Amino acid sequence: MKEKFWTCLVLLSVLLSVVVVLPTLMPTHFSEGNRRLAGTHVVVSTVRRDTAATSIPTLPPISPLPQRTVSYHLNQMRLFKLVLQTATDAEVLDKYWVAHWISRIGLYSEGERPSPRDPTRHLYGDDKVYQLDLGSDRVYGMWQIPLQLAEYVTFVVQTLQFSVPRMLEIGTCRGATTTFLAIYFSRFGLQVLETVNVEDEVTPQVKALWVELGLPIHSVLFTFNATHPTAVPLLYHKLHEVTFIDGHHDYPYVRRDFETYWNRSIVVSFHDINDIFCVDVRRLWSELKGRQSSFRFRNVKEFTFHSHQDQLMGIGALVTSQSFSFSLSDRISNVALPTFDDHRANK
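Count along the sequence shown from 1, add 67, and you get the number used in the working numbering.
Right under this line is the structure:
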């Protein structure tokens, strides 16, 4: 009888050891946040991180998934907000983890549109599989390369010391990227995301989602004047820690947007800095990089990843010399701000 008692006690001790030790041996990607979500079948897949200098990081296949319809797209936005509430800080700052969720939410459908560099390859490259299945109803989805956007938002958060209270987006379009940015930056104290466009392209379903999720998005429309390249005028008097310029892509307009807002933000950003179709944005970005010291940029970053190194989209971020407590009166009273004409005169 005593032998059976001691045998049972030993087995119980072994079982307890397994229960206590096993969680500490789990791979780091399977975090506490993901364990809590596992019960609802929402487990973030393992993301491969290639360590070789010559290798290209890739995202895991997202499967099995239902047909990537409008309802799927909106539900993934809801799910992303839920996941952010339980994810660890390490996860939400991991560019591959963020890129995985951008991929899940879905990209704007380009059908079978080929790459201009190689017609046998899709425009999105390997990210083709993340397009939404909407047929001709192409009013949803993000026009983004997932890893580009993920690298950008994680860079912004770390640059601003994990606090992103105010953001200005010039160019709302369909509002998919707007929604993602509002959800992600809400984790870091977003109070308002002001987004402007010349016409209302956001569907009622997306607007309803903003309200449902309590996203601090303020949408503004303004009248576009094609004969006078004026920048977005309505928010000139405001300050934003982040400005994201993705409006009119012709040179006079994108340049005026920059000149209007660069000294009213800490991080000034552009979309399409490396896009074969957006020559004027590429031109402006090249000029700004060449004048980094004149404009007193503390940092210049480019996020241009493409699975086949094609020139598609690309996000550029300029970190200005503004402090983290800059005031409106300080910025407007600074009459020595450099301009493009000043630089040309000094050459």
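From the three backbone atoms N, C-alpha and C, an ideal C-beta is built for every residue, glycine too.
Keep in mind that this is a model prediction, so the values were computed, not measured.
Reference residue i, options the options, closest by Cα
{"i": "I237", "options": "V231, N341, T245", "result": "T245"}
{"i": "A243", "options": "S230, P232, T262", "result": "T262"}
{"i": "V269", "options": "C240, Y139, L214", "result": "C240"}
{"i": "V259", "options": "S388, V273, L235, E279", "result": "L235"}
{"i": "F311", "options": "R180, I382, S138", "result": "I382"}
{"i": "N41", "options": "F370, T327, L276", "result": "Here the chain covers residues 68 to 414 and nothing more, so residue 41 does not appear."}
{"i": "F252", "options": "E279, V278, V220", "result": "V220"}
{"i": "K386", "options": "M380, Q376, F362, S182", "result": "As written in the sequence, residue 386 is Val, which differs from the Lys given in the question. Nearest C-alpha to V386: F362."}
{"i": "Q152", "options": "L280, L288, F337, H167", "result": "L280"}
{"i": "H315", "options": "N264, L282, D161, D185", "result": "N264"}
{"i": "E308", "options": "Y163, S332, K195, F289", "result": "S332"}
{"i": "D317", "options": "H338, K274, M144", "result": "H338"}
{"i": "V367", "options": "F222, Q272, S286", "result": "F222"}
{"i": "V206", "options": "K274, V346, S176, L160", "result": "S176"}
{"i": "Q282", "options": "F289, Y197, F247, R184", "result": "Reading the sequence as shown, one finds Leu at residue 282 and not Gln. Taking only the C-alpha atoms, the option nearest L282 is F247."}
{"i": "R254", "options": "E369, F364, T136, A157", "result": "A157"}
{"i": "K162", "options": "Q225, D313, L379, V278", "result": "Q225"}
{"i": "I343", "options": "F289, L379, P319", "result": "L379"}
{"i": "F289", "options": "T327, H189, E266", "result": "E266"}
{"i": "L201", "options": "V150, H140, S286", "result": "H140"}
{"i": "C345", "options": "R135, D313, T327", "result": "D313"}
{"i": "R145", "options": "A217, V273, E326, L216", "result": "V273"}
{"i": "W168", "options": "H189, V150, V334", "result": "V150"}
{"i": "E369", "options": "L306, E218, F325, P319", "result": "E218"}
{"i": "R135", "options": "L190, K195, S182, H189", "result": "K195"}
{"i": "V334", "options": "V287, Q228, V159", "result": "Q228"}
Residues that residue i bridges to, as DSSP identifies them
{"i": "V159", "result": "None, per the DSSP bridge assignment."}
{"i": "I312", "result": "I237, F337"}
{"i": "Q198", "result": "L174"}
{"i": "N366", "result": "V386"}
{"i": "I284", "result": "L260"}
Residue i in three-state terms, based on DSSP
{"i": "E326", "result": "helix"}
{"i": "P181", "result": "strand"}
{"i": "H189", "result": "strand"}
{"i": "L379", "result": "coil"}
{"i": "H140", "result": "helix"}
{"i": "N413", "result": "Unreliable positioning characterises N413 in this predicted model, as indicated by a pLDDT of 37, which lies under 50. The coordinate reading is nonetheless provided below. N413: coil per DSSP, three-state reduction."}
{"i": "T371", "result": "coil"}
{"i": "L146", "result": "helix"}
{"i": "I343", "result": "coil"}
{"i": "L306", "result": "coil"}
{"i": "A119", "result": "Any answer about A119 is weak, because its pLDDT of 34 lies below 50 and its placement is not dependable; what the coordinates show is given next. Correct three-state label for A119: coil."}
{"i": "R350", "result": "helix"}
{"i": "A154", "result": "coil"}
{"i": "L126", "result": "For L126, the pLDDT reaches just 49, beneath the cut-off of 50, and the residue's location in the model is therefore unreliable, leaving the point undetermined."}
{"i": "F97", "result": "Legend: pLDDT at F97 = 29, less than 50; position of this residue unreliable, value from coordinates given subsequently. The answer is coil: DSSP assigns F97 none of H, G, I, E or B."}
{"i": "R331", "result": "helix"}
{"i": "K356", "result": "helix"}
7 Å Cβ cutoff met for residue i and residue j
{"i": "I284", "j": "K148", "result": "no"}
{"i": "G173", "j": "L199", "result": "yes"}
{"i": "S374", "j": "G192", "result": "yes"}
{"i": "T371", "j": "N330", "result": "no"}
{"i": "R323", "j": "L351", "result": "no"}
{"i": "P213", "j": "A166", "result": "yes"}
{"i": "R184", "j": "D347", "result": "no"}
{"i": "G256", "j": "P232", "result": "yes"}
{"i": "S170", "j": "Y197", "result": "yes"}
{"i": "S336", "j": "A384", "result": "yes"}
{"i": "R365", "j": "S388", "result": "yes"}
Exercise for the section: At 4 residues or longer, and completely inside the stretch 201–279: list those alpha helix (DSSP H) runs for me, N to C. Expected result: 213–226, 243–253, 271–279
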